[in-house]
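Trainee: Okay, here's the structure, questions in a sec.
Numbering (the numbering used here), first residue to last: 67 to 791.
Written as structure tokens, this is what we have:
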């Protein structure tokens, strides 16, 4: 097969300029859904997704030459944090055109911290291309993702990449894929080697060899030799039998087993149908460096992967939440699109990547932008009517102007004032809400503070911008510790968030996360509060005596008045209680709130002129402090109920690790054949980095949920290391 170049491109503009973000040349705009393919690249970090995309873009003329990850010059890794870390951290889109078909390639990060970007890519795509390195084993996270795609019936194919590497082993990679993904994963091509180098591909159905030895992405095609055909005979038989088993022609298998030579065109047609249905998964071989397999991959993307017309669409509701009529991928239908990615561009402002499910987005049209369901992560529900000024076709960070975006296509919209990732874009006169996809829960806290008071406003504004594009980030001001907490997916995610804030000029620093401890009295104690001051004119006079006794855990606070004879006038009894409560919030030992005590007011004195509400509040607070100084105070730490989902092979390692975290196992149960759920009670202090450590324990597959359970006494040997507020 030859690949015709259908889209020229001038020399790339320099990075860091407005031209690198918005090109004046017109971009590719599909005119009909059947002319669109949306394909997401998935695979572990280092598998070669980014460079494979570079090879595809170069082969189709979108770029004049391939970029480099080391130089930070690739199309899809343009964000500063990606250049710095030399790996993808955000979802990016680059379209290419082959034989009149627009293929939107969505490149996703492979590292576990950026699962949110991966899920956004899956939402925007209609098929998945799993990229597997020919020199690495398949990791457990990729296997889990395959199963997830299987549950929703997403069409998939596998690309074995990096065949130019000296240690590349195509056969071992295919065997690993079949162990991980199942027997329906079957090679459609086999590498042809000249010496130690892979120079071509043998098409098992066509029985021709694509020769890439000249270094061009357009190979020379020749008939396979007798020796090559003999070596590929077994693999060809396996492929044909797999295709026939998926065929709707029930006579085909009998004819094949009877020795009939099945027409190649019929086999190719059945193969493409099976791939499009998501029941058969061909394996291709590629090398981004040499261009090997690029032509075959482009053919598969356009001919075998489904158009948006062939895929089911997400559910929609009205703004009130009532079910709405199901969407159809119709350019003339009601407008409904979803923001799958939001970035803040210094020149264009907020830039939203939108997958249009129904209707057509057009320049200079009014739309409704709606967001719901993420208020617990700091994204308040919002609605606004806005006018689109320009639509763009994104090529990584470069934006090319387009006049419209039809159902099934993906575009970028600049200068939307309120849109955030996950929002719905619909018609102003008929607003809708697209039911959102599952967002992973961020579970690693990162405490930050502005470098100075003057930086606090800048930090707040920049956090709002960063959070708008990242629904996996949760921003919280802890009401007990008063720390600003960024809940992240892991260390790498936290580093990216900090980089983005600093890139916006925010001066900040990270500080240790303070676990919200509490304080209580271990034994009864008494306190004497004397607040007497004379400074000319009216003075301050208030004396009170209190007894403090501990209550059962969770009982709260009780205040009892046992004064007699009116030693404290009735209007000041409540003032003493106010002072005690205020001091309880401030703490009496380490600065944490005091809980589960009964305070009994037993006596005191007042002055007819100098006593006041403020004076008795001060006396009440002082009395509680004196009682604490005379008694024994115990620190209480929060304990969480934790449910950990792991594959069965990691149960032992996880349970052993729990004991080192002072965890108490409360039960285990099977998780519907997908592994085991371990239930335990663990102190919160032991979970600050658990998102990272569980991933390391379980090869990236472990997940956990946490809910507050209660506060329990902090062990005496740890009390001296407890933080002070």
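Don't be surprised by glycine CBs; every beta carbon is placed ideally from N, CA and C.
According to DSSP, is residue 880 part of a helix, a strand, or is it coil?
Mentor: Residue numbering for the chain in the displayed model covers 67 to 791; residue 880 lies beyond these limits and cannot be assessed.
Trainee: Could you have a look at residue 585 and say whether DSSP puts it in helix, strand or coil?
Mentor: Within the chain shown, numbered from 1, the residue matching residue 585 stands at position 519. Strand at residue 585.
Trainee: So what does DSSP say about residue 409, is it helix, strand or coil?
Mentor: Counting from one through the chain shown, the residue named residue 409 turns up at place 343. Of the three classes helix, strand and coil, the one that applies to residue 409 here is strand, per DSSP.
Trainee: List the endpoints of the continuous alpha helix (DSSP H) containing residue 123.
Mentor: Against the chain shown, residue 123 aligns to sequence position 57. Here the alpha helix (DSSP H) through residue 123 covers 115-125.
Trainee: Pick out the complete alpha helix (DSSP H) segments inside the region 553-632, 4 residues or longer, and give them in chain order.
Mentor: Listed in chain order, they are 557-569.
Trainee: In chain order, which continuous runs of the beta strand (DSSP E) of length 3 or greater are located wholly inside the region 474-503?
Mentor: Fully enclosed beta strand (DSSP E) runs of 3 or longer: 476-480, 490-493.
Trainee: Rounded to whole angstroms, what is the Cα-Cα separation between residue 514 and residue 774?
Mentor: Locating residue 514 in the chain shown gives position 448, counting from the first residue. Locating residue 774 in the chain shown gives position 708, counting from the first residue. One C-alpha to the other measures close to 23 Å.
Trainee: Do three or more CB pairs link the region 240-257 to the region 345-353 at distances below 8 Å?
Mentor: Contact holds: three or more Cβ-Cβ distances are below 8 Å.
Trainee: Helix, strand or coil for residue 505, going by three-state DSSP, please let me know.
Mentor: Within the chain shown, residue 505 is the residue found at index 439, counting from 1. Residue 505: coil per DSSP, three-state reduction.
Trainee: Pull up the distance between the alpha-carbon of residue 324 and that of residue 254, whole angstroms please.
Mentor: As a position in the chain shown, residue 324 is number 258, starting the count at 1. As a position in the chain shown, residue 254 is number 188, starting the count at 1. Roughly 23 Å between the two C-alpha positions.
Trainee: Is residue 235 helix, strand or coil when you go by DSSP?
Mentor: As a position in the chain shown, residue 235 is number 169, starting the count at 1. Coil at residue 235, not helix or strand.
Trainee: Using the Cα positions of residue 305 and residue 270, report the straight-line distance between them to the nearest angstrom.
Mentor: Taking the chain shown and counting its residues from 1, one reaches residue 305 at position 239. Taking the chain shown and counting its residues from 1, one reaches residue 270 at position 204. Roughly 8 Å separates the two Cα atoms.
Trainee: Of the residues 446, 429, 486, which one's Cα is nearest the Cα of residue 468?
Mentor: On the chain shown, position 402 is the one that residue 468 refers to. Of the candidates 446, 429, 486, the one whose C-alpha sits nearest the C-alpha of residue 468 is 429.
Trainee: Quick check: the Cα distance between residue 841 and residue 504, rounded to an integer number of angstroms?
Mentor: Given that the chain is displayed from residue 67 to residue 791, the structure contains no residue 841 and the question cannot be resolved.
Trainee: Rounded to the nearest angstrom, how far is the Cβ of residue 703 from that of residue 656, given a contact under 8 Å?
Mentor: Numbered from 1 along the chain shown, position 637 holds the residue referred to as residue 703. Numbered from 1 along the chain shown, position 590 holds the residue referred to as residue 656. Wrong, their Cβ atoms sit about 11 Å apart, outside the cutoff.
Trainee: From the DSSP output, which residues share a beta bridge with residue 510?
Mentor: Reading the chain shown from its first residue, position 444 is the one you call residue 510. Note: residue 510 sits in a beta bridge opposite 554.
Trainee: Work out the CA separation of residue 710 and residue 770 for me, nearest whole Å.
Mentor: Numbered from 1 along the chain shown, position 704 holds the residue referred to as residue 770. Numbered from 1 along the chain shown, position 644 holds the residue referred to as residue 710. The straight-line gap from Cα to Cα measures roughly 4 Å.
Trainee: In this structure, what does DSSP give as the bridge partners for residue 671?
Mentor: One-based indexing of the chain shown puts residue 671 at position 605. Answer is 609, bridged to residue 671.
Trainee: Thinking C-alpha only, which one of 356, 498, 462, 170 is nearest residue 795?
Mentor: The requested residue 795 is not part of the displayed model; the chain covers only 67 to 791.
Trainee: With DSSP run on the structure shown, which of helix, strand or coil describes residue 167?
Mentor: Position 101 of the chain shown holds residue 167. Here residue 167 sits in strand by DSSP.
Trainee: What first and last residue would you give for the beta strand (DSSP E) that runs through residue 699?
Mentor: If you number the chain shown from 1, residue 699 lands on position 633. Run containing residue 699: 699-712, per the beta strand (DSSP E) assignment.
Trainee: Just the C-alpha distance for residue 596 and residue 408, rounded to the nearest angstrom, thanks.
Mentor: Working through the chain shown from its first residue, we reach residue 596 at position 530. Working through the chain shown from its first residue, we reach residue 408 at position 342. If you take the alpha carbons of residue 596 and residue 408, they lie about 59 Å apart.
Trainee: Can you list, in chain order, the residues of its chain with a C-beta nearer than 7 Å to that of residue 481? Leave out the 5 residues immediately preceding and following it.
Mentor: Along the chain shown, read from residue 1 onward, the residue named residue 481 stands at position 415. Within the same chain, residue 481 has close Cβ partners 414, 415, 416, 455.
Trainee: Just tell me which of 352, 635, 240 has its CA closest to the CA of residue 675.
Mentor: Reading the chain shown from its first residue, position 609 is the one you call residue 675. Residue 675 has its Cα closest to that of 635, out of 352, 635, 240.
Trainee: Quick one, are the C-beta atoms of residue 720 and residue 712 less than 8 Å apart?
Mentor: Stepping through the chain shown from its first residue, residue 720 is reached at position 654. Stepping through the chain shown from its first residue, residue 712 is reached at position 646. Yes, they are a contact pair.
Trainee: Within 10 angstroms of its Cβ, does residue 784 collect 16 or more other Cβ (buried), or is it exposed?
Mentor: Start at 1 with the first residue of the chain shown, and residue 784 comes out as number 718. Result: exposed.
Trainee: Terminal residues of the continuous beta strand (DSSP E) containing residue 744?
Mentor: Position 678 of the chain shown holds residue 744. Note, residue 744: beta strand (DSSP E), 742-749.
Trainee: Which whole-angstrom value is the C-beta distance of residue 555 and residue 506, which I expect to be below 8 Å?
Mentor: Within the chain shown, numbered from 1, the residue matching residue 555 stands at position 489. Within the chain shown, numbered from 1, the residue matching residue 506 stands at position 440. Sure, about 7 Å apart at Cβ, within 8 Å.
Trainee: Rounded to whole angstroms, what's the CA-CA distance from residue 521 to residue 568? Just pull it up for me.
Mentor: In the chain shown, residue 521 corresponds to position 455, counting from 1. In the chain shown, residue 568 corresponds to position 502, counting from 1. Spanning the two alpha carbons is a distance of roughly 11 Å.
Trainee: Starting from residue 515, follow its DSSP beta bridges and name the residues at the other end.
Mentor: For this step, residue 515 is matched to residue 449 along the chain shown. Residue 515 is bridged to 575.
Trainee: From the DSSP output, which residues share a beta bridge with residue 424?
Mentor: For the purposes of this step, residue 424 is taken as residue 358 along the chain shown, with counting starting at 1. Its beta-bridge partners are 402.
Trainee: Run through DSSP, which three-state label would residue 375 get?
Mentor: By 1-based counting over the chain shown, the position of residue 375 is 309. Helix at residue 375.
Trainee: Can you find the residues in the same chain that come closer than 6 Å, C-beta to C-beta, to residue 625, ignoring five residues on each side of it along the sequence?
Mentor: As a working mapping, residue 625 is identified with position 559 in the chain shown. Around residue 625: 643, 665.
Trainee: Could you tell me whether the Cβ atoms of residue 663 and residue 615 are closer together than 8 Å?
Mentor: The residue labelled residue 663 in the question sits at position 597 within the chain shown. The residue labelled residue 615 in the question sits at position 549 within the chain shown. Against a cut-off of 8 Å, the Cβ pair of residue 615 and residue 663 comes out as a contact.
Trainee: Is residue 359 near the ligand ADP, going by C-beta to nearest heavy atom under 7 Å?
Mentor: Of the ligands one can find in the structure shown there are none, so the ligand ADP has no counterpart to examine.
Trainee: Under a Cβ-count criterion, where at least 16 other Cβ atoms within 10 Å of its own Cβ denotes burial, should residue 628 be classed as buried or exposed?
Mentor: In the chain shown, counting from the first residue as 1, residue 628 sits at position 562. So residue 628 counts as exposed.
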